[in-house]
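Colleague:
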Amino acid sequence: MTKNKILSFVLGIGFCCQIIAQQSATYTSSLVDYQKALSLYNNQQYLAAQSLFRQVKKTANEEILQSDCTYYIANCAVRLNQQNADGLVEDFVKEYPTSTKRNTAFVDVADYYFANGKYAYARKWYDKVDENALGRKEKEKYYFNNGYTAFSTKQYKDAKKYLGRVENSQEYGAQAKYYIGFMAYEGDDYDEANEYFDQVSDKERYKEKLSYYQADLNFKLGKFEKAIELAKERLAKTDDEAEVSELSKIIGESYFNLEQYAEAIPFLNEYKGKKGKRDRTGKWNNTDYYQLGYAYYKQKDFEKAISEFNKIVGGTNSIAQNAYYHLGESYINVDKKQEALNAFRNASQMDFDLKIQEDAWLNYAKISYEIGNPYQSAPQVLAGYLDKYPNTSYKEEIETLLIDSYITSKNYKEALNLLKGRKSFDNKMAYQKVAFYRGIELYNENQYVEAKDLFDASLKESLDAKFTARATFWKAETDYNLTNYDDALVGFKQFQQQVDSGTTPEIENIDYNLAYTYFKQKKYSQATEYFNQFIANKKNDKVRLNDAYLRLGDGHFVSSDYRSAVNAYEKAIQLNEIESDYAFFQKAISVGYAGQSLKKIKDLEDFISKYPNSKLRDDAMYELGNSYVKANETDKAMRIYNRLSKEYKMSSFVPKALLRQGLVYYNGSENERALTKFKQVAGDYPGTPEAVQAVSTARLIYIDLGRVNEYASWVKQLDYVEVTDADLDNATYEAAEKQYLDNNTDRAISQFNGYLNNFSNGIHALNAHFYLAQLYYKKNLVANAAPHYKYVVEASQSEFTEEALSRLSQYYLEEKSWNTAIPLLNRLEEEANFPQNVIFAQSNLMKAYYQLEDYNEAVTYAEKVLTSSKIDNKIKSDAQVIIARSAIKTGNENRAKTAYAQVEKVASGETAAEALYYNAYFKNKEGKHAASNKSVQKLAKDFSGYKYYSAKGLVLMAKNFYALNDAFQATYILESVIENFKEFDDVTNEAQSELSKIKAEESKTNSSIQTEN
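Per the working numbering, the sequence shown runs over residues 15 to 1027.
1. How far does the alpha helix (DSSP H) with residue 375 in it reach, from first residue to last?
2. Quick check: what's the CA-CA separation for residue 40 versus residue 81?
3. So, helix, strand or coil for residue 967, using DSSP?
4. Check whether the Cβ atoms of residue 835 and residue 806 lie closer than 8 Å to each other.
5. Please confirm if residue 784 has its CB atom under 8 Å from at least one CB of chain C.
6. Below 8 Å on the Cβ atoms is my guess for residue 645 versus residue 604; work out the distance and round it to an integer in Å.
7. Which of the three DSSP states is assigned to residue 288 in this structure?
8. Where does residue 258 sit, in a helix, a strand or coil, going by DSSP?
9. On the criterion of 16 or more Cβ atoms from any shown chain inside 10 Å, does residue 1048 qualify as buried, or is it exposed?
10. Could you name each continuous alpha helix (DSSP H) segment of 4 residues or more that falls completely within the stretch 794-828, going from the start of the chain to the end?
11. Output the boundary residues of the alpha helix (DSSP H) element that contains residue 107.
12. Since residue 864 and residue 899 are thought to touch, with beta carbons under 8 Å apart, how far apart are those beta carbons, to the nearest angstrom?
13. My assumption, with CB atoms under 8 Å, is that residue 857 sits in contact with residue 889. Please give the rounded CB distance.
14. Let me know the beta strand (DSSP E) ranges lying completely inside the stretch 830-882, each 3 residues or longer, listed in chain order.
15. Indicate whether residue 468 and residue 456 have their beta-carbon atoms separated by less than 8 Å.
16. Does the beta-carbon distance from residue 265 to residue 242 come in below 8 Å?
17. Based on Cα-Cα distance, which residue from 302, 558 and 676 lies nearest to residue 270?
18. Is the number of C-beta pairs between the stretch 1002-1019 and the stretch 379-392 that are closer than 8 Å three or more?
19. Can the beta-carbon of residue 664 be found less than 8 Å from the beta-carbon of residue 845?
20. Within the same chain, show all residues whose beta-carbon is closer than 8 Å to that of residue 693, passing over the 5 residues directly before and after it, in chain order.
21. Residue 1020 by DSSP, collapsed to three states: which one?
22. Distance, Cα to Cα, residue 753 vs residue 759?
23. Helix, strand or coil for residue 297 per DSSP?
24. Please report the straight-line C-alpha distance between residue 176 and residue 160, rounded to a whole angstrom.
25. Quick one: residues in its chain with C-beta nearer than 7 Å to the C-beta of residue 813, no 5 flanking neighbours on either side, listed in chain order?
26. Answer with buried or exposed for residue 717, where buried requires no fewer than 16 other C-beta atoms within 10 angstroms of its C-beta.
27. Starting from residue 994, trace the alpha helix (DSSP H) in both directions and tell me its first and last residue.
28. How many Å lie between residue 873 and residue 400 at the Cα?
29. Roughly how many whole angstroms lie between the Cα atoms of residue 1033 and residue 335?
30. Is there contact here, the stretch 928-940 with the stretch 951-959, by at least three beta-carbon pairs under 8 Å?
31. With a Cβ-Cβ cutoff of 8 Å, do residue 156 and residue 140 count as a contact?
32. Comparing C-alpha positions only, which one of 827, 249 and 771 sits nearest to residue 797?
33. Would you identify the three-state DSSP class for residue 114, choosing helix, strand or coil?
34. Determine, using beta-carbon pairs with one atom in the stretch 673-690 and one in the stretch 649-662, whether at least three such pairs fall under 8 Å.
35. Going by CA-CA distance only, name the one from 254, 259 and 92 that's closest to residue 230.
36. For a test of the three-state rule: what should DSSP assign to residue 154, helix, strand or coil?
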């Protein structure tokens, strides 16, 4: 080697050594720092260790060192719970896929999460571990930990797989068996659970936990005595409230299943209920309430049984059916039949246990008969039971109740439908009675044609002589109201022959009915005979007696027996019950006809003074004027006629008085003054008989004065006078009138229509229109009658105006044309001579104004109606109802309460149902819940046919029951209302609102109740 080469080699070695030395120093420094970092890691100073590992990684050139640093950096991040910890581990595995620490990294991270109870995180990393790379010891730990994480995250299939691999392990075997047993317990595999629990029951650490599970296992395996023994043993050692609650439940249910109910009760009561994830308040479920309720039931402690059973809300399984059945029996034992009705009804609607269903149906049907049923009529329920159980051993008993229920339920309309097609003798007898009672209902509603059909239907059976007689009477009454007086007379006579004195209520006044029928037939001698018989035998009924004297006087009057008439009218005046003004007036007229002219004048003068508000006062003034004329006191006559015209401008006597004045002037040869009066009559009252007579008399004056042209010019302006056709007019009208008087209705209608077609403004147009209207009305063709009544009403005041106003307003009322009816009723109130028409006007004005929501006017007229002492109970009831309803609408409940209390005293039918509902309503408002329910029960029993108030009453009853802490009754009733009364939106909406509130409240303590979100 040359010298230069040697030198170069030496220099090269030196340089290399220098580099190696430098590298060695760096490496040594990195190892030292690495060891420091490792020491910090082992001392759990993870943040400092992580920082140092990062520094080492930056300076280290060795891949192994970098790999180890990366591993520990990620591991520290896991232990420090840093957000990027998982990512760092994943990065380590990707960056160093061949690192020997790869599997260890997975295990370490998983073990760390496991140790800290983050089992879902641990499970994720255990799944990445290569178990084949683990040693035997490490494998056991891995299997147990992985199995336990799966158990903790409820992945029981994987849990059982991994734990099963170490169930024989010395270190992990006992724990594994415990958890495998627990999973079997949770999966209801009680035999396997028992097998595993038995294998670890001698282990001290599991004894405490296993005592509860083994007790529960034995309970679930039906080993109730053993369950009680184990649970009591554990109960004596624990003071944990939750465990005490669960153990008490096991003991209580075990005693319950052993039918040792007295022993069960205290333990069932100690159960605190299940706690939810969000709501930590303990909740019972329907089964819990059932068991305790049934235990009390078996001990005959029915009040406590009810208290538990009625907390079972919305149950739809066999337990609920059982509970509701026994709830019904419990209510029966404490005499709460309305509550029992609902419970049995609920149980009867479930078919989990058919025997319980049938028994519940039977009880439901019997109680429905006894107290009434707000959901269905009692006959419907009883008939439904027989249809469902045709071979029942109770068939004869239920059929007897069914027949009777048709009558007692008072729901005659529905009862008729149920009775159709039932052919037995008893059913036919029931049909006879029900048809009769339904006919009475329709009669009271003024539906006479329909009522007559029902009385005919009742008479077709004629099995019960008493009801045959009563139906005969009421059919005759119906004919009388339909103006079929011949048929009415026959009916009343038949009735009189069918009964003995006192056997029916109708016989009391049969003479009165016969008298009136003869009176309407204008057979006055027979009428007076029967009125006298009635008067002789009837002394207590002063109102009817008063009326009989009036009609007796009228009969004598039209028979020209004026002395007898005066005597009858005087008796009526003495009684002073009704229409004393009419009697006084008629007496004065009778005295005049008897030839006592001066006494007539005196009586009429007294009448005008004594009765300032009488509707007959204008009649009296007119008669007084006529009497003055006859007595040649024409000045007095003229003054009274003028007074009449001034005080009673709308009276039908005004044109008569004006005509009389004209005649007085005419007879006194004061022709110009006479013509003025006649022209006033003809111009202001066109078409009236007075106008026709005025024109006729004026014609004579014009002829006498030689001013015929003036007459012709004037009369052409009067479109109701067709002078050239007068004879034809009269002949055509008289032909039609004859058919009318002969009761040939159809021929009369045809001929009156013919007359009006030919003489639309004829002399007799007013009469023709009125009679035609009356004929149509008689045939129940009211729409046909209406335009003819309208003609009469719009014509000048006449003797027909009052009745036309009454009939036409009634037509518009029935058509619900309130605004059209009101002006007519106002006129009728002002113009009517008959008190009954004034009352008719006022009573219907109050109804019309109420319908138009003008409550102040409605009340004003209702109060007017009530001031009359002569109105019947139906009108009184209507007036009080209007006051009450108006008060409700305007928020004046105190007045409404008072008014409904008055209604209840006199009302019948739907109005009575309404009043009874409000009786319950106000009691509910006052907190008198039990009393309110009694009113609803009465409503259900006596007025079940009026579904709207039945439904409203049920909602009230539900509110009452909830206030009385009976959640079952409240919710069941509300659900039934929603299901059964869908036609009443306002009621079902209120029921749904109340139901939601109650369920929301009850769900706080009963986990079985499902509420809307």
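Every residue, glycine too, gets a C-beta built ideally from N, C-alpha and C. All values derive from a computational prediction rather than experimental measurement.
Modeller: In terms of the structure at hand:
1. Unbroken alpha helix (DSSP H) run through residue 375: 368-385.
2. Confidence at residue 40 is low in this model, with a pLDDT of 49, below 50, so its placement is unreliable and no value can be given for it.
3. Helix, per DSSP.
4. Cβ distance not < 8 Å, so residue 835 and residue 806 don't count as in contact.
5. As a matter of chain content, chain C is missing from the structure shown, which is built from one protein chain.
6. At roughly 18 Å, the Cβ-Cβ gap does not stay under 8 Å, so residue 645 and residue 604 are not in contact.
7. Residue 288 sits in a strand when the DSSP states are folded into three classes.
8. Here residue 258 sits in helix by DSSP.
9. Residue 1048 falls outside the range modelled here, since the chain spans only 15 to 1027, and no answer is possible.
10. As summarised for the stretch 794-828, the continuous alpha helix (DSSP H) elements at least 4 residues long and confined to that stretch are 796-808 and 815-828, given in chain order.
11. Counting along the chain, the alpha helix (DSSP H) containing residue 107 begins and ends at 99-109.
12. The pair is a contact, with the Cβ atoms about 7 Å apart (cut-off 8 Å).
13. With a Cβ gap of about 5 Å, residue 857 and residue 889 count as contacting.
14. Correct list: empty.
15. Going by C-beta atoms, residue 468 is nearer than 8 Å to residue 456.
16. Yes, these two residues count as a Cβ contact at 8 Å.
17. Here the closest residue by C-alpha is 302.
18. Because the criterion of three Cβ pairs below 8 Å is not met, the stretch 1002-1019 and the stretch 379-392 do not touch.
19. Yes, the pair counts as a contact, with Cβ atoms nearer than the cut-off.
20. Excluding residues within five positions, the ones whose Cβ falls inside 8 Å are 708, 712 and 728.
21. The answer is strand: DSSP assigns residue 1020 an E or B state.
22. Across the structure, residue 753 and residue 759 are spaced so that their CA atoms are roughly 7 Å apart.
23. The answer is strand: DSSP assigns residue 297 an E or B state.
24. Residue 160 has its alpha-carbon roughly 7 Å from the corresponding atom of residue 176.
25. Once the five neighbours on either side are set aside, the close Cβ partners of residue 813 are 666.
26. Classification of residue 717: exposed, given that the 10 Å Cβ count is below 16.
27. For residue 994, the enclosing alpha helix (DSSP H) stretches over residues 981-994.
28. Distance between the alpha carbons of residue 873 and residue 400: 50 Å.
29. As displayed, the chain neither begins before 15 nor continues past 1027, which places residue 1033 out of reach and without an answer.
30. Yes, the stretch 928-940 is in contact with the stretch 951-959.
31. Yes, the Cβ-Cβ distance between residue 156 and residue 140 is below 8 Å.
32. With distances taken between CA atoms, residue 797 lies nearest to 827 out of 827, 249 and 771.
33. For residue 114, the three-state secondary structure derived from DSSP is coil.
34. Between the stretch 673-690 and the stretch 649-662 there are three or more C-beta pairs closer than 8 Å, enough to call the two in contact.
35. Nearest of 254, 259 and 92 to residue 230, Cα basis: 259.
36. The answer is helix: DSSP assigns residue 154 an H, G or I state.
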